[in-house]
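Residue numbers (our numbering): 55 to 333.
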């Protein structure tokens, strides 16, 4: 691995461009430099496996991982197996200053975390597909400030589990990370226990912190996340409702319908019909 250097955003920009976006394939044969930047960087892994070498640590990467890299982070990547494919967006630091002042206040998440390692979350396959599709759309247009702001706001809206998390900068990072990861049938199948395992705290402590920040029980919060997954599947797939019920971790269809109606005040079938009418 080559010694560290500083990459400058100007290296990657053509005339009148303000940000860089690309799909990058990294193979195991590449020898990449450790580097810092004079810009901010956000990336997500589409496929493959590898490692993020960052600030003296080695973090394993696989499909669904997203990292928000601060200018001061000294990092590079290495690939394993058949390589790794990622989407990368590089943009001026003034943009993250603007985003913080405009939307995130005193947030200690995303680009503004003070931890040794940069902000890193695991996204579901559905979210990765949505982000990559939006990135491909952005690649078709001039790399203007308007396109950059639109793209970044889409990313933040998509990855934020819900508005309560986004607005609450005091939420513990361990809880925020658990919320971001609790988005797949594998986790839903274990219900509250699956969420608590992601928190790496005892259930009483998790329940207490959830009540403080969300004013609801742990069971209520977990069911909201399951229902959020359900409405996505109802809206964008033709998957049978019985299968969606199972994927959400419910063994009883009647219980699934009751929980769904309590949150959205309509049945899953009614929600799907209305969504199809809108589309």
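Just so you know, even glycine gets a beta-carbon here, dropped at the ideal spot from N, CA and C.
- Contact annotation: the segment 180-197 does not touch the segment 241-260, with fewer than three C-beta pairs closer than 8 angstroms.
- Residue 114 and residue 123 have their C-alpha atoms some 15 angstroms from each other.
- DSSP places residue 251 in the helix class (H, G or I) of the three-state scheme.
- By the Cβ rule, the segment 257-266 does not count as touching the segment 284-300, because fewer than three pairs are nearer than 8 angstroms.
- Contact annotation, residue 285 with residue 325: C-beta distance approximately 6 angstroms; criterion of less than 8 angstroms satisfied.
- Under the three-state reduction of DSSP, residue 101 is assigned to strand.
- Looking at the DSSP output, residue 140 shares a beta bridge with 78 and 99.
- When only Cα atoms are considered, residue 171 and residue 307 end up about 43 angstroms apart.
- Under DSSP, no beta-bridge partner is assigned to residue 189.
- Between residue 144 and residue 93, the beta carbon gap of about 5 angstroms places them in contact (Cβ cut-off 8 angstroms).
- Checking the DSSP bridge columns, you'll see residue 61 partnered with 91.
- Going by DSSP, residue 173 is part of the beta strand (DSSP E) stretching over 173-176.
- Within the segment 228-295, there are no complete beta strand (DSSP E) runs of at least 3 residues.
- The alpha-carbon of residue 154 is positioned some 26 angstroms away from that of residue 65.
- The beta carbon of residue 188 sits closer than 7 angstroms to the beta carbons of 205 and 208 from its chain, once the five residues preceding and following it are set aside; these are given in chain order.
- The Cβ-Cβ distance between residue 95 and residue 182 does not fall below 8 angstroms.
- A Cβ-Cβ contact shorter than 8 angstroms links residue 213 with residue 120.
- Contact annotation: residue 230 and residue 177 have beta-carbon atoms that are not nearer than 8 angstroms.
- Assignment of residue 107 by DSSP, reduced to helix, strand and coil, places it in the strand class.
- Annotation for residue 150: the continuous alpha helix (DSSP H) segment containing it runs 147-153.
- Residue 112 is classed as exposed because its beta carbon has fewer than 16 other beta carbons within 10 Å across all chains shown.
- Within its own chain, the residues whose Cβ lies closer than 7 angstroms to the Cβ of residue 127, once the five positions on either side in sequence are excluded, are 90, 108, 109 and 172, listed in chain order.
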